[in-house]
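> Below is a structure I'd like to ask you about.
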Amino acid sequence: MPLEDDFCDIIKKARIGQAWSVEDVARITGLPGADITALERGDRPRDRAEVRALATTLGLRPGPLEQIVLEKWVPQPIPSIRG
2 MPLEDDFCDI IKKARIGQAW SVEDVARITG LPGADITALE RGDRPRDRAE VRALATTLGL
62 RPGPLEQIVL EKWVPQPIPS IRG
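Quick note: the sequence shown uses this note's numbering, first residue 2, plus one each step.
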C-alpha cells in the first residue's frame, strides 16, 4: 500500500505549515534553496544528512522520514474483513 504523502509532500507541507519560505529553510539548514525546491518537486535527497537537516529544521522526526525516503518504507496492507 503506497503512502498518501511522499517525501516531497511531507517537507513542503511542513514548511508551508510553519509559514516559512524556501529561503528561510535554506538559511536554517545551510542547503541551497534550489536543492530544497527540487526536493519539494520530487527529486531524491542526496544523503541521510540532507534528510536529517530538513527534518530537524521542519520539526519532523528524522528517523521515520529517513525510513520513508531512504529505505522505501511502506505500511503493511490491512487484511480484508469479510462480512
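Quick reminder that beta carbons are idealized off the backbone N, C-alpha and C, glycines included.
Since we're looking at a predicted model, the values are computed, not measured.
Quick one: measure Cβ to Cβ for alanine 15 and threonine 30, integer angstroms, because I've assumed they're closer than 8 angstroms.
Rounded, the Cβ-Cβ distance is 12 angstroms, inconsistent with contact.
> Can glutamate 67 be considered in contact with the ligand FMN, in the sense that its beta carbon sits closer than 6 angstroms to one or more heavy atoms?
The ligand FMN is not among the ligands present in this structure, which contains no ligands whatsoever.
> If we count the other Cβ atoms within 10 Å of its Cβ and call it buried at 16 or more, is alanine 35 buried or exposed?
exposed
> Just the C-alpha distance for threonine 57 and serine 22, rounded to the nearest angstrom, thanks.
16 angstroms
> In terms of alpha-carbon separation, which member of Val52, Pro78, Ile69 lies closest to isoleucine 6?
Position check: residue 6 holds aspartate in this sequence, whereas isoleucine was assumed. Per the Cα distances, Ile69.
> If you measure between the beta carbons of valine 1 and glutamate 67, is that distance less than 7 angstroms?
Outside the modelled stretch of the chain, which goes from 2 to 84, sits residue 1, for which no answer is possible.
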